[in-house]
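Residue 111 in our numbering sits at position 101 of the sequence shown; the count goes up by one each step and never skips. Ideal placement from N, C-alpha and C gives every residue a C-beta, glycine not left out.
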Amino acid sequence: MIALLIGSWMIWRSTTSQGPVARVRFDTADGIAARKTEVRCRSVRVGFVKDVKLAEDLKSVLVYLELDPDNEGLLRRGTRFWVVRPRVSASTVSGLDTLITGAYIELDPGPAGSEPHSRFVGRENPPATNRSIPGRRILLTANEAGSLAAGSPIYYRGFEVGRIENRKLDIPNQRVTYDAFIREEYNVLVTDKTRFWNTSGIDISAGADGFKVRTPSFQALVTGGATFAVPEGTGPGRIHQSGRISLNPHDLIRARPAGNQDHRHPRQDPGSAAGRHHEEDRCCCG
């Protein structure tokens with residue numbers, strides 16, 4: 011009788027102490043182990059990997075996560091997951107601590123107020139910025155990808171004010187799109203008259219005074235980078251509301267100032283080809 015009571019109590023305790031379970035689909039389970047790999051949010055443990063299974067299509071894996079009971083609110087629409095493991099790129103070196111502690115799954119909660127959700131598709135690479143950082147996200151479009159990529163810095167007058175978070179090819183419109191993030195304190199600088207251009211690479215020009223060589227910062231030279239400003243001769247514009255800015259990288263490069271491009275505004279000649287393209291590539295509202 012006593013053994014039966016103890017067994018019943020243990021079953022009840024196990025049932026009531028179990029936290030919410032989420033299913034996350036990844037391309038591979040590299041570094042992930044059931045009952046060993048932790049789930050963390052802002053470096054704080056919030057759960058663990060309960061089980062790992064091969065998906066029915068045999069092209070991905072399903073990772074089942076069990077969060078602590080008091081962290082149920084983290085599972086909402088828009089929540090992002092990725093595996094933190096050692097990564098080395100031209101711009102960053104991250105995850106080296108996992109060489110000792112082992113890989114873990116990082117959780118970035120979705121927007122506050124989002125509806126509960128339990129099935130997710132994990133990211134293969136960490137996002138350039140977490141949602142906990144206040145700021146604004148805009149969409150840049152261009153004819154060609156160039157050297158801009160996820161993690162590339164965005165500058166204003168030489169100060170890094172944001173980053174490129176992602177890039178993808180918009181096949182129907184034959185354009186390249188960039189998800190860009192501007193930190194909150196610099197949001198007011200992005201208006202309906204703001205122009206973006208690529209600051210990657212080395213610019214060599216010849217004139218009466220000889221050759222001039224202009225180079226961006228070392229980071230922009232290695233990883234790519236973008237700069238924005240307001241063309242000379244234009245007044246302050248309205249805060250850009252649509253979140254989408256269309257640009258032509260070639261014309262914007264030709265419209266760069268003759269001096270240091272990080273400290274001046276691009277010149278715009280309405281009669282030139284570059285000026286006409288600037289008019290055609292105004293900020294889209296809708």
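- Counting along the chain, T204 sits inside no beta strand (DSSP E), nor does DSSP assign it H or E at all.
- Between V71 and F36, the C-beta gap is smaller than 8 angstroms, which places the two residues in contact.
- In the displayed model, D180 falls within a strand according to three-state DSSP.
- Judged by DSSP in its simplified three-state form, D61 adopts strand.
- The beta-bridge partner set that DSSP reports for A190 consists of I148, I174.
- A straight-line Cα-Cα distance of about 9 angstroms links A39 and K63.
- In this structure, the CA atom of G172 is about 26 angstroms from the CA atom of L84.
- The C-beta of V131 has fewer than 16 other C-beta atoms within 10 Å across all chains shown, which makes the residue exposed.
- Nearest neighbour of N140 by Cα position, chosen from G88, H127, V56, A155, turns out to be G88.
- Residue burial is scored here from C-beta neighbours: P126 has fewer than 16 other C-beta atoms within 10 angstroms and is therefore classed as exposed.
- In the three-state reduction of the DSSP assignment, L84 falls in the helix class, which pools H, G and I.
- Here DSSP, grouped into helix, strand and coil, assigns P79 to helix.
- Ranked by Cα distance from R33, the first of V186, S124, N153, W92 is W92.
- By a beta-carbon distance limit of 8 angstroms, N197 contacts R146. Their separation comes to about 5 angstroms.
- Of V54, L75, R52, the smallest CA-CA separation from K46 is found for L75.
- Cα atoms of A65 and F206: separation of roughly 43 angstroms, rounded to the nearest angstrom.
- Taking the C-beta atoms as reference points, G29 is found nearer than 8 angstroms to D78.
- Boundaries of the beta strand (DSSP E) around Y166: 163–166.
- Taking 8 angstroms as the cut-off, the Cβ atoms of Y165 and T111 do not count as close.
- Annotation for G120: R86, R87, G88, T89 place their beta carbon closer than 6 angstroms to its own, counting only its chain and skipping 5 residues before and after.
- Annotated three-state conformation of V93 is strand, per DSSP.
- When DSSP reads this structure, A236 sits in a beta bridge with I164, N208.
- Between D118 and S128, the alpha-carbon positions lie close to 14 angstroms from each other.
- Judged by DSSP secondary structure, L117 falls within the beta strand (DSSP E) whose first and last residues are 114–118.
- With a cutoff of 8 angstroms on beta-carbon distance, P144 and E116 are scored as not near each other.
- Per DSSP, reduced to three states, the secondary structure at V198 is helical.
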